[in-house]
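S.K.: Numbering (this note's numbering), first residue to last: 1218 to 1418.
We put the CB at the ideal spot given by N, CA and C, even for glycine.
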Amino acid sequence: MEPKLHIGVLALQGAFAAHAQALRDCGAEVRLVRTQEDLNGIQGLVIPGGESTTMSNLLVASGLSEVLKERFQHGFPVFGTCAGMIMLAETILDGRADQISLGALELDVRRNGYGRQNDSFEQDIVVHSFETPFHALFIRAPVIEAVGSDVEVLASWGDRPVLVRSGNALACSFHPELVSDLRIHRIFLSLVENFSVTNPR
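#1: Quick one, are the C-beta atoms of L1285 and L1319 less than 8 Å apart?
#2: What is the residue span of the alpha helix (DSSP H) that D1242 lies within?
#3: From P1350 to P1378, what distance separates their C-alpha atoms?
#4: Would you please state the rounded distance, in angstroms, between the beta carbons of S1279 and I1317? I believe it to be under 8 Å.
#5: Tell me the residue span of the alpha helix (DSSP H) that contains H1402.
#6: Does the structure place the stretch 1293–1305 close enough to the stretch 1381–1396 that three or more beta carbon pairs sit under 8 Å?
#7: Where does A1228 fall in DSSP's three states?
#8: Should P1220 go down as buried or exposed, given a rule of 16 or more other Cβ atoms within 10 Å for buried?
#9: Report back the beta-carbon spacing between Q1310 and R1288 to the nearest angstrom; my notes put them in contact at under 8 Å.
#10: According to DSSP, is E1283 helix, strand or coil?
#11: I'd like the list of long-range same chain contacts for A1262, defined as Cβ closer than 6 Å, with 5 residues on each side in sequence excluded.
#12: Nearest-angstrom Cα distance between G1266 and H1352?
#13: So the alpha helix (DSSP H) L1310 belongs to, where does it begin and stop?
#14: I want to see whether chain B comes within less than 8 Å of G1292, judged by CB atoms only; does it?
#15: Can you tell me the Cα-Cα spacing of I1308 and D1336, whole angstroms?
#16: Quick test of your reading: A1386 and A1306, contact by CB under 8 Å. State the CB separation rounded to the nearest angstrom.
#17: E1348: which of A1358, I1401, T1415 sits nearest, CA to CA?
#18: Contact check, A1372 vs H1345 under 8 Å by CB: the rounded distance?
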């Protein structure tokens, strides 16, 4: 029996409980991350949806922001959804002056680009390597306006990327944790597994 992957879910604010359950359903051990000490021993981190400016302030207050930036620069696996994707983007086009970026992905993003709560919607999307579409829930979703040359677009809706990857960083505009389909979480776990083989704890 192979050892379980140990995954952290940032639990300062937002939809962290659903991500934790999805990861457990995939067979991972999950730790909720609120302090720098909580990062010890985990092999990858999920940054959930929520409110990106609030999350930014809490990351700074907890001392996690600089630690995470350094880890991501060295290839530590991370998966950001919705507000989590905003946090990972290098450029937040309509961010507040005090809003931080963790800079793990060369993206230009715009908050609430698909509209606010009453404009939330569901859409089947075609994901690279998936045999059937993925049913995606977009809730106050950010828009990816531009991607860097090293960013791979794994899925689009219309002419906009909605699922992207660069190295060990994965991000999406939608909320995969709110559906029963675990395939996108499994993409992330495969990144973690590959990283852990070459970078054992």
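M.R.: Walking through what the data contain:
#1: Within the sequence shown, residue 1285 is the residue found at index 68, counting from 1. Within the sequence shown, residue 1319 is the residue found at index 102, counting from 1. Going by C-beta atoms, L1285 is nearer than 8 Å to L1319.
#2: Residue mapping note: residue 1242 aligns to position 25 of the sequence shown, counting from 1. From DSSP, the alpha helix (DSSP H) with D1242 extends over 1233–1242.
#3: The residue you call residue 1350 lines up with position 133 of the sequence shown. The residue you call residue 1378 lines up with position 161 of the sequence shown. One C-alpha to the other measures close to 15 Å.
#4: Here residue 1279 refers to the residue found at position 62 when the sequence shown is read from its first residue. Here residue 1317 refers to the residue found at position 100 when the sequence shown is read from its first residue. About 12 Å; that fails the 8 Å criterion.
#5: By one-based count along the sequence shown, residue 1402 stands at place 185. Looking at the DSSP string, the run of the alpha helix (DSSP H) that includes H1402 is 1400–1415.
#6: Judged by Cβ distances under 8 Å, the stretch 1381–1396 makes contact with the stretch 1293–1305, as three or more pairs qualify.
#7: Mapped onto the sequence shown, residue 1228 falls at position 11. Looking at A1228 - three-state DSSP - the assignment turns out to be coil, as it is neither helix nor strand.
#8: Here the question's residue 1220 lines up with position 3 in the sequence shown. Classification of P1220: exposed, given that the 10 Å Cβ count is below 16.
#9: The count along the sequence shown starts at 1 and reaches residue 1310 at position 93. The count along the sequence shown starts at 1 and reaches residue 1288 at position 71. Note that residue 1310 corresponds to Leu in the displayed sequence, not to Gln. With a Cβ gap of about 25 Å, L1310 and R1288 do not count as contacting.
#10: Counted from its first residue, the sequence shown places residue 1283 at position 66. Residue state, collapsed to three classes: helix.
#11: As a working mapping, residue 1262 is identified with position 45 in the sequence shown. Correcting the residue type first, residue 1262 is Leu in the shown sequence and not Ala. So the qualifying residues of the chain are G1225, V1295.
#12: Here residue 1266 refers to the residue found at position 49 when the sequence shown is read from its first residue. Here residue 1352 refers to the residue found at position 135 when the sequence shown is read from its first residue. G1266 and H1352: Cα-Cα distance of roughly 17 Å.
#13: Locating residue 1310 in the sequence shown gives position 93, counting from the first residue. L1310 -> no alpha helix (DSSP H), and no H or E assigned at all.
#14: Looking at the structure shown, chain B is missing, and only one protein chain is on hand.
#15: Against the sequence shown, residue 1308 aligns to sequence position 91. Against the sequence shown, residue 1336 aligns to sequence position 119. The identity of residue 1308 in the sequence shown is Thr, whereas the question assumes Ile. About 24 Å.
#16: In the sequence shown, counting from the first residue as 1, residue 1386 sits at position 169. In the sequence shown, counting from the first residue as 1, residue 1306 sits at position 89. Contact doesn't hold; Cβ gap of about 10 Å is too wide.
#17: To locate residue 1348, count along the sequence shown from 1; it is residue 131. Of the listed residues, the one whose Cα sits closest to E1348 is I1401.
#18: Position 155 of the sequence shown, counting from 1, holds the residue named residue 1372. Position 128 of the sequence shown, counting from 1, holds the residue named residue 1345. The pair is a contact, with the Cβ atoms about 7 Å apart (cut-off 8 Å).
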